[in-house]
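Accompanying notes for the structure given below.
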Amino acid sequence: MTTPPTDTAWAELQTRFQELADLGGIGSLLGWDQSTYLPAGAAAGRSRQQALLSRLRHERATDPAYGRLLDTLSGREDLSPLQTRMIAVARKEFEEATRFPAAFVAEWSQHGGDSYSAWTGARPGNDFARMVPYLEKSLDMSLQAASYFPEFADPMDYFIDQSDEGMTAAQVGEVFAALRRALVPMVDAVTGAEAPRTDFLARHYPGADQLVFGESVIRDYGYDFTQGRQDLTHHPFMTRLGGQDVRITTRVKDNDPTEALYSTLHESGHAMYEQGVAEELLGTPLGGGVSAGVHESQSRLWENLVGRSRAFWAAYFGKFRDAFPEQLVDVTEEEMHRASNVVARSLIRTDADELTYNLHVITRFELERELLSGRLAVRDLADAWHAAYETNLGLRAESDVNGVLQDVHWYFGSIGGAFQGYTLGNVLSAQFYAAAERANPGLEGDIARADFGRLHGWLRENVYAPGRRYTPNELLEQATGQGMTVEPYLKYLREKYGALYGVTL
501 MTTPPTDTAW
511 AELQTRFQEL
521 ADLGGIGSLL
531 GWDQSTYLPA
541 GAAAGRSRQQ
551 ALLSRLRHER
561 ATDPAYGRLL
571 DTLSGREDLS
581 PLQTRMIAVA
591 RKEFEEATRF
601 PAAFVAEWSQ
611 HGGDSYSAWT
621 GARPGNDFAR
631 MVPYLEKSLD
641 MSLQAASYFP
651 EFADPMDYFI
661 DQSDEGMTAA
671 QVGEVFAALR
681 RALVPMVDAV
691 TGAEAPRTDF
701 LARHYPGADQ
711 LVFGESVIRD
721 YGYDFTQGRQ
731 DLTHHPFMTR
741 LGGQDVRITT
751 RVKDNDPTEA
761 LYSTLHESGH
771 AMYEQGVAEE
781 LLGTPLGGGV
791 SAGVHESQSR
801 LWENLVGRSR
811 AFWAAYFGKF
821 RDAFPEQLVD
831 VTEEEMHRAS
841 NVVARSLIRT
851 DADELTYNLH
861 VITRFELERE
871 LLSGRLAVRD
881 LADAWHAAYE
891 TNLGLRAESD
901 VNGVLQDVHW
911 YFGSIGGAFQ
921 GYTLGNVLSA
931 QFYAAAERAN
941 PGLEGDIARA
951 DFGRLHGWLR
961 ENVYAPGRRY
971 TPNELLEQAT
981 GQGMTVEPYL
991 KYLREKYGAL
1001 YGVTL
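Going by the numbering used here, the letters in the sequence shown line up with residues 501 to 1005, in that order.
Structure (structure tokens):
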């Protein structure tokens, strides 16, 4: 990006971009500390600091002078395509922050807090009836929020666009319908086969040794510890605290080493994406991952397509056994590979395996669409949930605790767009990997040698470096030569699980 040194308007805009990015980074730092090292007695003070910082950033993000500056520069013909995209993204974010009336924002925020508090009591008591009026208000307010953006004819399109710009409910719905048609019989076939041995995973694995092993793997992957670090937390996450400070967290179970390992691999995928964004984009609206779905594709690619592969365990089982010789004394490489790919029907989304997980997400996405369209009433949501689980996963929860009350997402005051990114990430992970393989034949052999240079290099060039320079659909077309399709993902699942379980899929 080239900027004329005498262009004061563009220089002012760059300053505003950097200030907003820095305020966001400071907020991330406070949140990271709160989730890792904050003393228990400091919580109240931290909440006050975060509220102040959030208010200051919102004031700058919605400053009318900032909007006028964007208007002034939007029509200029001397801007580069990169600068034009930068302004378009900034304008989109500005409008998202300013179209809502202040009174509506305050009411929505208050309702979200009230709803969450009610849910914390209703879930353990299996009291969905208590949540019906809260969900009805959440639905009303979600529809009202979408109405402030009349360019979206379908309210679900507005919510999807918040996290996956340019994608629509119709596009996602077609992909998910095709995926479900294929997955249901695949799950039937695999769960009917002999289950792999997993008893050795319940042995005692010292947490400190687990962390050392996991960090050694992601160093090989390409995660740069000079621009990041890993710490412990209750729920693993990745966060960017500044241009060159991208951190991850994990959690450890002494009686299940796969918990820490795959959390670490997952979050390193998110982090390598952020570390790979082109330097010139940092501190601008384009300086991060392009969408929830593309971001999730990178965590899923490194966690599943690489980290749960046969080639991965060919490279790392010996090292893993060296780290835990007593625990793995009677375990083979093949048994470890199979144990890391167990498939079992379950009611809990967050505990689901790679093959069944998407059916949990598809169920929630379709229920959201039904609610927002008015075809499903909130009072009937619990019954609709149970019916969908029987159709998609062959299970029925004994109560609403592990049914409609299971996920917190709908109980923060908003309904719509909360889940689809998880499965979009799975679908896109296979497309990106297949494209990388076409450009670099023999990647499986690289992985078996713990050599990730070609894979990481291709992803860095084609997915990471562009940041938000393109929309998700544009990035996918440029990187893979095709639009979103489930075929590479289904091919991957059929080949992998057909071989693992000895069935034809």
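Note that beta-carbon positions come from the ideal geometry of N, C-alpha and C, so glycine has one too.
A quick note: this is a predicted structure, and the numbers were derived from the prediction, not measured.
Residue i, buried or exposed, once every other Cβ within 10 Å from all chains shown has been counted against 16
i, result
"Gln-982", "exposed"
"Gln-978", "exposed"
"Asp-664", "buried"
"Ser-873", "exposed"
"His-770", "buried"
"Lys-996", "buried"
"Ser-638", "buried"
"Val-690", "buried"
"Gln-610", "exposed"
"Asp-657", "buried"
"Ala-670", "exposed"
"Pro-564", "exposed"
"Asp-571", "exposed"
"His-766", "buried"
"His-704", "exposed"
"Thr-448", "The structure shown does not extend to residue 448, since the chain is modelled only from 501 through 1005, so no value can be given for it."
"Leu-552", "exposed"
"Pro-988", "buried"
"Thr-832", "exposed"
"Ile-862", "buried"
"Pro-581", "exposed"
"Asp-880", "exposed"
"Glu-774", "buried"
"Val-829", "exposed"
"Val-746", "buried"
"Gln-827", "buried"
"Leu-781", "buried"
"Gln-744", "exposed"
"Arg-623", "buried"
"Leu-556", "exposed"
"Thr-508", "exposed"
"Tyr-537", "exposed"
One or two residues paired with residue i in a DSSP bridge
i, result
"Gln-727", "Paired residue(s): none; Gln-727 is not in a bridge."
"Leu-732", "Thr-750"
Integer-rounded CB distance, given that residue j should sit under 8 Å from residue i
i, j, result
"Arg-968", "Val-672", "In fact, because the Cβ distance is near 20 Å, the residues do not count as touching under 8 Å."
"Gly-942", "Glu-868", "Actually they do not touch by this definition, with Cβ atoms about 42 Å apart."
"Gly-666", "Thr-971", "4 Å"
"Ala-702", "Asn-626", "Wrong, their Cβ atoms sit about 30 Å apart, outside the cutoff."
"Thr-749", "Ser-535", "7 Å"
"Asp-965", "Tyr-816", "Note on identity: in this sequence residue 965 is Ala, with Asp being the wrong assignment. So it is not a contact: roughly 28 Å between Cβ atoms."
"Val-904", "Ala-695", "29 Å between Cβ atoms; not a contact."
"Ala-811", "Ile-947", "4 Å"
"Ala-882", "Asp-900", "5 Å"
"Thr-598", "Thr-562", "5 Å"
"Gln-1009", "Val-752", "Lying before the first or after the last residue shown, residue 1009 is absent from the chain, which here runs from 501 to 1005."
"Gly-793", "Leu-928", "6 Å"
"His-837", "Trp-813", "4 Å"
"Gly-525", "Gly-789", "No, Gly-525 and Gly-789 are not in contact; Cβ-Cβ is about 15 Å, not under 8 Å."
"Leu-990", "Met-984", "Rounded, the Cβ-Cβ distance is 13 Å, inconsistent with contact."
CB contact below 8 Å: residue i versus chain D
i, result
"Trp-608", "Given the protein chain composition of this structure (a single chain), no chain D is represented."
Near the ligand ZN: residue i beta-carbon under 7 Å from a heavy atom
i, result
"Trp-802", "This structure lacks the ligand ZN, and indeed carries no ligand of any kind."
At least 3 beta-carbon pairs within less than 8 Å: the segment 641 to 649 vs the segment 957 to 973
no
| query | So, do the segment 705 to 718 and the segment 518 to 528 have three or more beta carbon pairs nearer to each other than 8 Å? | reply | no
Requested in this report: Could you name each continuous beta strand (DSSP E) segment of 3 residues or more that falls completely within the segment 739 to 818, going from the start of the chain to the end?
Outcome: 745 to 750
Exercise for the section: Output the residue ranges of the alpha helix (DSSP H) runs that lie fully inside the segment 584 to 655 and measure 4 residues or longer, sorted by chain position. Expected result: 602 to 622, 628 to 647
- Item | Stretch pair the segment 759 to 769 + the segment 799 to 809: three plus CB contacts closer than 8 Å | yes
Q: Decide yes or no for the touch test of the segment 720 to 739 against the segment 852 to 859: beta carbon pairs closer than 8 Å, at least 3 of them.
A: no
* Taking only runs of the alpha helix (DSSP H) that begin and end inside the segment 906 to 959, which ones reach a length of at least 4 residues, in chain order? -> 920 to 939, 943 to 948, 953 to 959
* Taking 8 Å as the threshold, find out whether the segment 893 to 906 comes into contact with the segment 918 to 935 through three or more Cβ pairs. => no
Any alpha helix (DSSP H) of 4 or more consecutive residues that is wholly inside the segment 825 to 893: 833 to 839, 857 to 873, 881 to 893
Runs of alpha helix (DSSP H) lying entirely within the segment 688 to 730, each at least 4 residues, in chain order: 707 to 721
request  = At 3 residues or longer, and completely inside the segment 515 to 577: list those beta strand (DSSP E) runs for me, N to C.
outcome  = none
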